[in-house]
Amino acid sequence: MRDASPVFSVRHPGSDMVRREIRFIALILLVWALGSFGFIIVLWAIGTKGPPVLPLDAHGWENRFNIDPAALPGESWLTRIDIIGFPLHWLWTGMVLLALFIGLAVYFNVRVDALRRDASSGATDAGPAREIGRL
Amino acid sequence: MIDSLPVELATGFKLGPAIIVGLSLVLFVVVGITSRVGSEEGFWVADRGIGPVPNGMALASNWISVASFLGMAGMIYLHGFSSLSFVIGWTGGYAVFLVLLAAQIQRFGKYTAVDLIGDRYDSATVWVLGALVTIVIAFVYSVAQYQGIGLIIAWIFGLDYAISTLVGAAIVTGYVILSGMLGVIRNQVVQYLLLIIPFLVPLFFIANRAGYLPLVPQLGYGQALGEMAHDAGRAWYDPTFTAPFAGGSAYTFIAVAFTLMMGTLGLPHVINRFYTVRNERDARWSVVWGLLFISALYWAAPAYAVLARVLQGGAQPTAEHADLVTITAGHLAQLPAWFVGLIGAGAIAAGFSTTAGLLSSGAAAISHDLFFRVLRPSAKPRQRIQIARLTTGVLGLAIMVSALQPPALIAEVVGSAFSLAAATLCPVLVLGVWWGRVTRQAATAGLVTGLALWVFTSWGDWYGHVEWVRHWAPAGASALVTLPVVIAVMVVVTLLTRAPGEEVQALLRRLHGIDA
Chain V
105 MRDASPVFSV RHPGSDMVRR EIRFIALILL VWALGSFGFI IVLWAIGTKG
155 PPVLPLDAHG WENRFNIDPA ALPGESWLTR IDIIGFPLHW LWTGMVLLAL
205 FIGLAVYFNV RVDALRRDAS SGATDAGPAR EIGRL
Chain H
70 MIDSLPVELA TGFKLGPAII VGLSLVLFVV VGITSRVGSE EGFWVADRGI
120 GPVPNGMALA SNWISVASFL GMAGMIYLHG FSSLSFVIGW TGGYAVFLVL
170 LAAQIQRFGK YTAVDLIGDR YDSATVWVLG ALVTIVIAFV YSVAQYQGIG
220 LIIAWIFGLD YAISTLVGAA IVTGYVILSG MLGVIRNQVV QYLLLIIPFL
270 VPLFFIANRA GYLPLVPQLG YGQALGEMAH DAGRAWYDPT FTAPFAGGSA
320 YTFIAVAFTL MMGTLGLPHV INRFYTVRNE RDARWSVVWG LLFISALYWA
370 APAYAVLARV LQGGAQPTAE HADLVTITAG HLAQLPAWFV GLIGAGAIAA
420 GFSTTAGLLS SGAAAISHDL FFRVLRPSAK PRQRIQIARL TTGVLGLAIM
470 VSALQPPALI AEVVGSAFSL AAATLCPVLV LGVWWGRVTR QAATAGLVTG
520 LALWVFTSWG DWYGHVEWVR HWAPAGASAL VTLPVVIAVM VVVTLLTRAP
570 GEEVQALLRR LHGIDA
């Protein structure tokens, strides 16, 4: 049933250059996923369990001084760490993660630029013919 | 996002803000008219001559909507940490977009998102379905923008909401018709400056008034946040604000962020932007610039939320104030009225730039993808531009009519546009670009499944009140459930159907720069 021509895929991209690019992509997606979701999962795993309480009604607002912070959902030793005033989880999510996304984008572009330069000078990529011949 | 204006902000004509906004509107129209184009390349893809920095600015202003400009701070003000899911959701998708799609879209070198999937799958059915999805996304997204523009014009000029919406809609639709993408991008560069300066500059003065490191308020508000979390001696003490899941569960946080990120990969007005640059390197680097420019606003939005809470002392935060908290913060800091008006002008710029991008992509889907590619392939270029201008006008009018009587839950409708993009164009594009085995039948099945799931989850959340849908796949955050289902359907159908031939493999090698 399959066509005779080699099928492009992540496993068989048909070029060493693209194969190396795919490794960068895998690394970036891993860091992206861990940074974005892994941290939240850790917060959930070690934090206090309970239903959301916001938004507070007028009575809840008046009584906020009597709330035990440790009993609020997601609170843990991690959320009590402050850095330059910020609770750690806020600093990570609202500040550092955005910088991480930018850093990942810069890293990817620098590496791909280098790959393209190498490929155009013929240093690393023997071309599609060699790769397709392996399939 | 904005359903009503706080009473103290809603009435009267405000001269300073009116002059600033009036000048901004004149500037948009002048830039649009002076950038008027006559060619098809110019109308749709700005003659493919935009550099990475201006394209990054255009990406940012295209992205930063009224919802981001005003609503982001408002959501954080009301719900605290849990609303940071929007901050990472509206930025993290660009990192994924960069590595999976940016260069490939530029190398494809046509006009629209639907061009790519239409050619990749070589199917009129995929073409039509893709165009329909694009139109729906552009439509629902734009309704909220028109509503936001109408509310801000109403606030500044003291006009009736309906008249304000008509005025705003007429101007934004007019300049897209006149100028096409070249004018839109030039305007979006101007609009980025007009939205980011009014957003950042007042923040220094607000932080100064509140007494928190005014030189770098994006860091200075951390001290206020710490006091809010730990210092019960402060009037603004509220430990629920920083508690991770006090405003929503961990699942909801992840579902919102994931949906917004994956939706980014399927939004047509974002995808179209990558046809406008000179080469694939510029496409990649414009993502970096775009992300940086977007983050400049998203780093500052939480500061507005926290400083507004500090400045209002022990008053309870309410949804009414949350809608316009960036403007409220300026009032609370006792900034001059004209200075607060700058923020309003910025909000107008944000609404205009996003709406222009959406209008362009929606009109392209009707005139380019449906009319020319499917119905009338023999149409001449001049005729195509005329049809494009006509469809822009018709679409703008239809959106304006909807915005006059907006749905009750605008924020959820905007979120549902991301859910739709994440369940349809995102998997069809990503799998299509990275797996040569995916067939046209799989793409059709994926688009139909994604559309059906989106309709079902939207109905189940808003009308049917289906409990498990509201919990696991709410309309504005359903991709965590729907995207894996669509991918599974596409994989199964692919494996059951005949693999595409050499033409598709050659296209993919070109998209990845192998045969370049």
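These protein sequence lines map, in sequence, to chains V and H.
Going by my numbering, the first residue of the first sequence is number 105, and it counts up by one from there.
Going by my numbering, the first residue of the second sequence is number 70, and it counts up by one from there.
All residues carry an ideal CB built from backbone N, CA and C; glycine is no exception.
Here the structure is a predicted model, which is why all the values come from computation and not from measurement.
Measure from the alpha carbon of H:V497 to the alpha carbon of each residue in H:V470, H:S471, H:P553, H:T311, then state which is nearest. The residue you call residue 497 of chain H lines up with position 428 of the second sequence. The shortest Cα separation from H:V497 among H:V470, H:S471, H:P553, H:T311 belongs to H:P553.
What do you reckon, are the CB atoms on H:T423 and H:I133 nearer than 9 Å? In the second sequence, counting from the first residue as 1, residue 423 of chain H sits at position 354. In the second sequence, counting from the first residue as 1, residue 133 of chain H sits at position 64. In contact: H:T423 and H:I133 (Cβ atoms closer than 9 Å).
Own chain partners of H:L473 with C-beta closer than 7 Å, once the 5 adjacent residues on each side are dropped: In the second sequence, the residue the question calls residue 473 of chain H occupies position 404. These residues qualify, in order along the chain: A231, T234.
With a threshold of 16 other CB atoms inside 10 Å of the CB of H:G383, please say whether the residue is buried or exposed. The sequence position of residue 383 of chain H within the second sequence is 314, counting from 1. Its Cβ having fewer than 16 others within 10 Å, H:G383 is exposed.
Should H:V241 and H:A448 be called a contact, given that it needs their Cβ atoms to be closer than 9 Å? Working through the second sequence from its first residue, we reach residue 241 of chain H at position 172. Working through the second sequence from its first residue, we reach residue 448 of chain H at position 379. No.
Alpha carbon to alpha carbon, how far is H:I206 from H:P271? Sequence index remark: in the second sequence, residue 206 of chain H carries index 137 (1-based). Sequence index remark: in the second sequence, residue 271 of chain H carries index 202 (1-based). Rounded to whole angstroms, H:I206 to H:P271 spans 33 Å at the Cα level.
Tell me which residues of the stretch 321-336 of chain H have at least one Cβ-Cβ distance to chain V shorter than 7 Å, keeping chain order. Against chain V - using a Cβ distance shorter than 7 Å - the residues of the stretch 321-336 of chain H are F322, I323, A326.
Under the criterion of a Cβ to heavy atom distance below 8 Å, does H:A312 qualify as lining the ligand FMN? The ligand FMN is not part of the structure shown, which contains no ligands of any sort.
V:W136 and H:V165 closer than 9 Å at C-beta: Looking up residue 136 of chain V in the first sequence gives position 32. Looking up residue 165 of chain H in the second sequence gives position 96. With respect to H:V165, V:W136 sits close: the two C-beta atoms are nearer than 9 Å.
Would you mind sorting V:N167 into buried or exposed? The rule is 16 or more other CB atoms within 10 Å of its CB. In the first sequence, the residue the question calls residue 167 of chain V occupies position 63. V:N167 comes out exposed.
8 Å Cβ cut-off: residues of chain H touching V:I129: For the purposes of this step, residue 129 of chain V is taken as the residue at position 25 of the first sequence. Contacts between V:I129 and chain H, judged by CB atoms closer than 8 Å, involve V168, L169 in chain order.
Within 9 Å (strictly less), CB to CB, does V:D222 reach chain H? As a working note, residue 222 of chain V is residue 118 in the first sequence. It does not: the Cβ of V:D222 has no partner Cβ on chain H nearer than 9 Å.
Assuming the contact rule is C-beta atoms closer than 8 Å, H:A315 and V:V157 should be a hit. Round their C-beta distance to whole Å, please. Your numbering for residue 315 of chain H matches position 246 in the second sequence. Your numbering for residue 157 of chain V matches position 53 in the first sequence. Contact between H:A315 and V:V157 holds: CB atoms are separated by about 5 Å, below the 8 Å threshold.
Which of the three DSSP states, helix, strand or coil, is assigned to H:A275? Taking the first residue of the second sequence as 1, we reach residue 275 of chain H at position 206. The question names Ala, but residue 275 of chain H is Ile in the sequence shown. In this structure, H:I275 counts as helix in the three-state DSSP scheme.
Quick check on this structure: which residue in H:I119, H:L185, H:L516, H:S93 has the alpha carbon closest to the alpha carbon of H:R579? Locating residue 579 of chain H in the second sequence gives position 510, where the first residue counts as 1. Cα-wise, what sits closest to H:R579 is H:L185.
Does DSSP put H:P286 in a helix, a strand or coil? Taking the second sequence and counting its residues from 1, one reaches residue 286 of chain H at position 217. Here H:P286 sits in helix by DSSP.
Can you find the residues in the same chain that come closer than 7 Å, C-beta to C-beta, to H:F273, ignoring five residues on each side of it along the sequence? As a working note, residue 273 of chain H is residue 204 in the second sequence. Close CB contacts of H:F273 within its chain, under the 7 Å cut and outside five residues either way in sequence, are with P283, P286 (chain order).
Measure from the C-beta of H:G360 to each C-beta in chain V and report whether the shortest distance is under 9 Å. Here residue 360 of chain H refers to the residue found at position 291 when the second sequence is read from its first residue. Strictly speaking, residue 360 of chain H in this sequence is Leu, with Gly absent from that position. So, interface residue.
DSSP on V:D186, reduced to helix/strand/coil? By one-based count along the first sequence, residue 186 of chain V stands at place 82. The three-state reading of DSSP puts V:D186 in strand, counting E and B together.
For chain V, is any of its Cβ atoms less than 9 Å away from the one on H:H400? What you label residue 400 of chain H is simply residue 331 of the second sequence in a count that begins at 1. It does not; no Cβ of chain V falls within 9 Å.
How long is the line joining the alpha carbons of H:A370 and H:E349, rounded to whole angstroms? Stepping through the second sequence from its first residue, residue 370 of chain H is reached at position 301. Stepping through the second sequence from its first residue, residue 349 of chain H is reached at position 280. So the two alpha carbons sit approximately 32 Å from each other.
H:P405 classed as buried or exposed, judged by whether at least 16 other C-beta atoms fall within 10 angstroms: On the second sequence, residue 405 of chain H is found 336 positions in, with the first residue counted as 1. It is exposed - the Cβ of H:P405 has fewer than 16 other Cβ atoms within 10 Å.
Is it the case that the Cβ atoms of V:P173 and H:P308 are separated by a distance below 9 Å? On the first sequence, position 69 is the one that residue 173 of chain V refers to. On the second sequence, position 239 is the one that residue 308 of chain H refers to. Against a cut-off of 9 Å, the Cβ pair of H:P308 and V:P173 comes out as a contact.
Apply the 10 Å Cβ neighbour rule to H:H390 and answer buried if 16 or more other Cβ atoms are within range, or exposed otherwise. Here residue 390 of chain H is taken as the residue at index 321 of the second sequence, counted from 1. H:H390 should be labelled buried.
Buried or exposed: where does H:F343 fall if 16 or more other Cβ atoms within 10 Å of its Cβ makes it buried? For the purposes of this step, residue 343 of chain H is taken as residue 274 along the second sequence, with counting starting at 1. Burial check for H:F343: the Cβ neighbour count within 10 Å reaches 16 or more, so the residue is buried.
Between the C-alpha atoms of H:G515 and H:Y190, what's the straight-line distance to the nearest angstrom? Taking the first residue of the second sequence as position 1, residue 515 of chain H is located at position 446. Taking the first residue of the second sequence as position 1, residue 190 of chain H is located at position 121. Each residue's CA atom was taken as its position, placing H:G515 and H:Y190 some 12 Å apart.
Looking at C-beta atoms only, is the number of pairs between the stretch 527-543 of chain H and the stretch 556-563 of chain H that lie closer than 8 Å three or more? They do not touch, by the three-pair rule.
Which residues in chain H have a C-beta closer than 8 Å to the C-beta of V:I163? List them in chain order. Here residue 163 of chain V corresponds to residue number 59 of the first sequence, with the count starting at 1. In the sequence as displayed, the identity of residue 163 of chain V is His instead of Ile. None at all; the shortest Cβ gap to chain H is about 10 Å.
Proximal residues to H:L13 (C-beta, below 6 Å), its chain only, five neighbours per side dropped: The displayed coordinates of chain H run from 70 to 585. Any statement about residue 13 of chain H would go beyond what the structure contains.
If we cut at 9 Å on Cβ distances, does H:H598 have a partner in chain V? What the structure shows of chain H is the stretch from 70 to 585, and residue 598 of chain H is not part of that stretch, so it cannot be assessed.
Cα-Cα separation, H:Y215 to V:S113: Counting from 1 along the second sequence, the entry for residue 215 of chain H is found at position 146. Counting from 1 along the first sequence, the entry for residue 113 of chain V is found at position 9. Their backbone Cα atoms lie some 42 Å apart in a straight line.
What three-state label does DSSP hand V:P191 in the structure shown? Translated into positions along the first sequence, residue 191 of chain V becomes position 87. Note: V:P191 maps to strand in three-state DSSP.
Contacts around H:A477, its chain only, beta-carbon distance under 6 Å, and the 5 residues preceding and following it disregarded: Within the second sequence, numbered from 1, the residue matching residue 477 of chain H stands at position 408. With a pLDDT of 44 at H:A477, under the threshold of 50, the modelled position of that residue is not reliable, and no figure is offered here.
Quick one: is H:H581 near chain V, going by C-beta distance under 9 Å? The residue labelled residue 581 of chain H in the question sits at position 512 within the second sequence. So yes, H:H581 belongs to the interface.
Distance cutoff 9 Å, beta carbons only. Does V:R168 sit that close to anything in chain H? By one-based count along the first sequence, residue 168 of chain V stands at place 64. Chain H contact via Cβ: present.
In DSSP terms, what H:I119 is bridged to: What you label residue 119 of chain H is simply residue 50 of the second sequence in a count that begins at 1. H:V346.
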